[in-house]
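A short write-up of the structure that comes next.
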Amino acid sequence: MSILLTGGAGYIGSHTLTELINGGYDAVVMDNFSNSSPKALERVEELTGKKIRYYEADISDRNALEKIFSENDIREVINFASLKAVGESVEKPWEYYNNNIGGTLTLLDVMRRHGAKNFVFSSSATVYGDPAVIPITEECPKGTCTNPYGWTKWMLEQILIDMQKADNEWNMVILRYFNPIGAHPSGRIGENPNGRPNNLMPFITQVAVGKLPELGVFGNDYDTPDGTGVRDYLHVVDLARAHVKAIDKLRENPGCFICNLGTGQGYSVMELIKTFEEVNGVKIPYSIKPRRAGDIATCYCSPEKAEKELNWKAQFGIAEMCRDSWNWQKNNPDGY
Ligand code: NAD
Ligand code: UD1
82 MSILLTGGAG YIGSHTLTEL INGGYDAVVM DNFSNSSPKA LERVEELTGK
132 KIRYYEADIS DRNALEKIFS ENDIREVINF ASLKAVGESV EKPWEYYNNN
182 IGGTLTLLDV MRRHGAKNFV FSSSATVYGD PAVIPITEEC PKGTCTNPYG
232 WTKWMLEQIL IDMQKADNEW NMVILRYFNP IGAHPSGRIG ENPNGRPNNL
282 MPFITQVAVG KLPELGVFGN DYDTPDGTGV RDYLHVVDLA RAHVKAIDKL
332 RENPGCFICN LGTGQGYSVM ELIKTFEEVN GVKIPYSIKP RRAGDIATCY
382 CSPEKAEKEL NWKAQFGIAE MCRDSWNWQK NNPDGY
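Here it is in structure tokens:
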């Protein structure tokens, strides 16, 4: 019995694969490598001592999916496969809706044809838009997304909820990630953004390694303690372990289960920079820039539901996140 990880060579997928294998679970990967490299899978082999079975294939390729499902005894799927660059999604909405929604619909159809009705979905804090309440609970109002990427997550959540309602053989675990950063402590796998990073931590590490001259801090006039944006950063290994718990959850036949994944602690941009400098002994030159369009002041979650009902709680703190992000970047300045 195998778990299929779509997008399993990506940042979160490769860490989850490692945790699943180390936990004694059997996994198979499919990825079109549009934003990743097979080298990540070689690194996972090195870390786990296990050969990884993988397919270079797209989730919208029905024939490829049929082949994967007929060659493996798959009962559960964790669907990481998605395009995820917010700015690009505004430029290329069709590509985002087609890849993320169209691809996932094809995947779900092949799954049900094969009687594999257990699904874990990578959703995002982005579904809460500008949150009505802080800390954000799962009941917080949703559906005020500001970009097509966010809408794909929100729409897919609704599709999964409706499918499960219509056919209770389905089990859907919807995980709303806050801000994953960090890397495997070995420094062998980590985040490998294409081109100039959009997100804060990969930008910081590329400044630290000398690939970029300085960090722009997007706004210091927010209504936060130091004026810079506050987020719920979460170590990617903790996030990966939450997926192992999600598989256990699926095996309890929960129907539809939705929860936030974060630490419940918010840190500002300046706090992250300072911690990174202190923990790693490197300087991060920065300057204050205008606010980035669409950004919000504060976003952190209530992690209570995950703790009570998923039996998961983040173990790593912000210092370990900074240490491991840097360890990955300095050992792999050009990624894989
Ligand atoms: P990533 O880009 O590193 O991984 C996604 C993987 O999916 C890549 O390996 C890519 O090649 C693959 N892929 C994309 N489209 C595909 C397709 N049509 N068929 C097959 N493979 C395809 O991203 P990540 O950070 O690991 O994110 C994983 C999931 O988590 C995504 O769904 C993302 O939207 C979601 N998410 C990420 C974050 C974050 O901050 N990293 C936050 C919230 C949610
Ligand atoms: C990003 C995504 C969001 C996703 C979330 C969780 C964008 C625009 N949004 O949000 O869809 O759900 O991750 O993974 O990509 N910052 C700087 N300078 C930089 C980069 C960022 O000051 O060069 C600041 C931002 O203004 C923000 C904080 O750092 O206050 C975090 O930014 P980022 O890492 O991009 O994450 P989010 O904006 O939370």
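Per my numbering, the very first residue in the sequence shown carries number 82; after that it's consecutive. Don't be surprised by glycine CBs; every beta carbon is placed ideally from N, CA and C.
Would you mind stating whether His177 and Tyr230 have Cβ atoms separated by less than 8 Å?
-> Within the sequence shown, residue 177 is the residue found at index 96, counting from 1. Within the sequence shown, residue 230 is the residue found at index 149, counting from 1. The question names His, but residue 177 is Tyr in the sequence shown. Here Tyr177 is near Tyr230, since their CB atoms are less than 8 Å apart.
Identity of the residue in Ala400, Asp405, Cys382 nearest Val214 by Cα = Residue 214 sits at position 133 when you count from the first residue of the sequence shown. Nearest of Ala400, Asp405, Cys382 to Val214, Cα basis: Cys382.
One or two residues paired with Tyr230 in a DSSP bridge = Indexing the sequence shown from 1 puts residue 230 at position 149. DSSP output for Tyr230 lists no bridge partner at all.
Gly210 versus Gln287: straight-line alpha-carbon distance, rounded | Working through the sequence shown from its first residue, we reach residue 210 at position 129. Working through the sequence shown from its first residue, we reach residue 287 at position 206. The C-alpha of Gln287 is placed about 28 Å away from the C-alpha of Gly210.
When the Cα atoms are used, what is the spatial distance from Glu220 to Leu391?
-> For the purposes of this step, residue 220 is taken as residue 139 along the sequence shown, with counting starting at 1. For the purposes of this step, residue 391 is taken as residue 310 along the sequence shown, with counting starting at 1. Rounded to whole angstroms, Glu220 and Leu391 show a C-alpha spacing of 17 Å.
When every heavy atom of ligand 2 is checked, does at least one fall within less than 7 Å of the C-beta of Gly105?
-> Taking the first residue of the sequence shown as position 1, residue 105 is located at position 24. At a cut-off of 7 Å, the beta-carbon of Gly105 does not count as near ligand 2: no heavy atom of the ligand is closer than that.
Can you give the Cα-Cα distance for Gly168 and Gly268, rounded to whole angstroms?
-> Numbered from 1 along the sequence shown, position 87 holds the residue referred to as residue 168. Numbered from 1 along the sequence shown, position 187 holds the residue referred to as residue 268. So the alpha carbons of these two residues sit roughly 29 Å apart.
Closer than 7 Å: is that where the CB of Ser163 sits relative to any heavy atom of ligand 1?
-> Position 82 of the sequence shown holds residue 163. For Ser163, the CB falls within less than 7 Å of some heavy atom of ligand 1.
Per DSSP, which one or two residues make a beta bridge with Asp112?
-> Position 31 of the sequence shown holds residue 112. Looking at the DSSP assignment, Asp112 forms a beta bridge with Glu137.
Which full runs of the alpha helix (DSSP H) of 4+ residues lie inside the stretch 166-235, going along the chain?
-> Fully enclosed alpha helix (DSSP H) runs of 4 or longer: 167-172, 174-177, 184-194.
Taking Pro261 as part of the beta strand (DSSP E), name the residues at either end of that continuous run.
-> For the purposes of this step, residue 261 is taken as residue 180 along the sequence shown, with counting starting at 1. Residues 260-262.
Are Ile140 and Leu122 touching if we call contact CB-CB under 8 Å?
-> Residue numbering aside, residue 140 sits at position 59 when the sequence shown is read from its first letter. Residue numbering aside, residue 122 sits at position 41 when the sequence shown is read from its first letter. Taking 8 Å as the Cβ cut-off, Ile140 and Leu122 do not qualify as a contacting pair.
Compare the beta carbon distance of Thr187 and Asn160 with 8 Å and say whether it is the shorter of the two.
-> To locate residue 187, count along the sequence shown from 1; it is residue 106. To locate residue 160, count along the sequence shown from 1; it is residue 79. Contact: no.
Interface flag, Pro174 vs chain B, CB-CB below 8 Å | Absent here is chain B; the protein component of the structure consists of one chain.
Kindly list the residues whose CB is nearer than 7 Å to the CB of Pro278, restricted to its own chain and excluding five residues on each side of it in sequence; keep chain order.
-> Sequence index remark: in the sequence shown, residue 278 carries index 197 (1-based). Around Pro278: Phe284, Gln287.
Three-state class that DSSP yields for Ile354 in the structure shown = Along the sequence shown, one-based indexing puts residue 354 at 273. Collapsing the DSSP output to three states places Ile354 in a helix.
Report, in whole angstroms, the separation of the C-beta atoms of Lys326 and Trp393, which I expect to be a contact under 8 Å.
-> Residue mapping note: residue 326 aligns to position 245 of the sequence shown, counting from 1. Residue mapping note: residue 393 aligns to position 312 of the sequence shown, counting from 1. The Cβ separation is near 4 Å, so the contact holds.
Environment of Pro366 [buried if 16+ CB atoms lie within 10 Å] = As a working note, residue 366 is residue 285 in the sequence shown. Classification of Pro366: exposed, given that the 10 Å Cβ count is below 16.
Nearest-angstrom Cβ-Cβ length linking Gly297 and Ala378, presumed shorter than 8 Å = Your numbering for residue 297 matches position 216 in the sequence shown. Your numbering for residue 378 matches position 297 in the sequence shown. Not a contact, Cβ separation roughly 17 Å.
Closest to Pro266 by CA distance: which of Cys226, Tyr303, Met82, Leu128 is it?
-> Position 185 of the sequence shown, counted from the first residue, corresponds to residue 266. That would be Leu128, whose Cα lies nearest to the Cα of Pro266.
Quick one: using the 10 Å Cβ neighbour count with 16 as the cut-off for buried, is Lys223 buried or exposed?
-> Here residue 223 refers to the residue found at position 142 when the sequence shown is read from its first residue. Classification for Lys223: buried.
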